[in-house]
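Novice: Here it is, the structure in full.
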Amino acid sequence: MTQRRTMPAEMQGKITEDGVARMRARIGVLIPQPPPYNTEATFDTMRHFAHGYGEDNPLFTDTDYGKATRWRGLIAAPLYVQTMGITTVKEIPPEIRKKGAGALTGVPNYLSGSSWEFFRPIYPGDVIFQRYFISDVQEKRSEFGGGKAVVVYHRREYTNRAGEIVTTN
160 MTQRRTMPAE
170 MQGKITEDGV
180 ARMRARIGVL
190 IPQPPPYNTE
200 ATFDTMRHFA
210 HGYGEDNPLF
220 TDTDYGKATR
230 WRGLIAAPLY
240 VQTMGITTVK
250 EIPPEIRKKG
260 AGALTGVPNY
270 LSGSSWEFFR
280 PIYPGDVIFQ
290 RYFISDVQEK
300 RSEFGGGKAV
310 VVYHRREYTN
320 RAGEIVTTN
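Mapped onto my numbering, the consecutive letters of the sequence shown carry residue numbers 160 to 328.
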């Protein structure tokens, strides 16, 4: 049976200096991710992804069309990268996990946005790796939740076999 650690009741659901410090201890720590849907980009998975959301741009579905473009072949639709991303991280080391344990326990989380940058296309045969981590923790004033808010920035970096960054978000 797994033993659960709990924070003192007076800290649960509250933004405290200790909670923010524990969250900051997680900055840069690689976070394990489940296996990706696609470990290698293929013509079929790229085409199915594009058609799955109604994309009709032939650059993402027609090999012959792609050959006549500056990309010199079929490329994946931009968000196809979300179906990929092998991670080599299996677990967070216990000593690092302990430093961030209980950070902001009980404080509600809200996804308030994301942005993407695309640097290189994904081609059939590409294998993509990902690194996922907290990149920053900022305290903000807020009229909601007792006058304080904490913004936790997550970053995902997708790279190809050559180690080149393909996409970030």
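We put the CB at the ideal spot given by N, CA and C, even for glycine.
Decide if the segment 230-245 is in contact with the segment 205-213; the criterion is three or more beta carbon pairs, one per stretch, under 8 Å apart.
Specialist: With a cut-off of 8 Å, the segment 205-213 and the segment 230-245 count as touching, because enough Cβ pairs lie within range.
Novice: So, at 6 Å on beta carbons, what are the nonlocal neighbours of residue 296 in its own chain, with the 5 sequence-adjacent residues on each side left out?
Specialist: What you label residue 296 is simply residue 137 of the sequence shown in a count that begins at 1. The residues are 182, 183 and 311.
Novice: Go ahead and label residue 269 buried or exposed: buried means 16 or more other beta carbons lie within 10 angstroms of its beta carbon, across all protein chains shown.
Specialist: Within the sequence shown, numbered from 1, the residue matching residue 269 stands at position 110. Classification for residue 269: exposed.
Novice: Measuring straight from C-alpha to C-alpha, what distance separates residue 323 and residue 302?
Specialist: As a working note, residue 323 is residue 164 in the sequence shown. As a working note, residue 302 is residue 143 in the sequence shown. Cα to Cα, the separation comes out at about 42 Å.
Novice: Closer than 8 Å is the cut-off here; do at least three beta carbon pairs connect the segment 260-277 with the segment 213-227?
Specialist: No, because fewer than three Cβ pairs between the segment 260-277 and the segment 213-227 fall closer than 8 Å, the two stretches do not touch.
Novice: Excluding five sequence neighbours on each side, which residues of the same chain lie with their C-beta closer than 6 Å to the C-beta of residue 219?
Specialist: Against the sequence shown, residue 219 aligns to sequence position 60. If we look at residue 219 and ignore the five residues flanking it on each side, its Cβ neighbours are 209 and 236.
Novice: Helix or strand or just coil, what does DSSP make of residue 307?
Specialist: Stepping through the sequence shown from its first residue, residue 307 is reached at position 148. Residue 307: strand per DSSP, three-state reduction.
Novice: Less than 8 Å between C-beta atoms, sequence neighbours within five positions excluded: which residues of the same chain meet that for residue 307?
Specialist: As a first step, residue 307 is located in the sequence shown; it is residue number 148 there, counting from the start. If we look at residue 307 and ignore the five residues flanking it on each side, its Cβ neighbours are 174, 298, 299, 300 and 301.
Novice: Do residue 288 and residue 246 come within 8 Å of each other at the CB atom, strictly closer than that value?
Specialist: Within the sequence shown, numbered from 1, the residue matching residue 246 stands at position 87. Within the sequence shown, numbered from 1, the residue matching residue 288 stands at position 129. A contact, by the Cβ cut-off of 8 Å.
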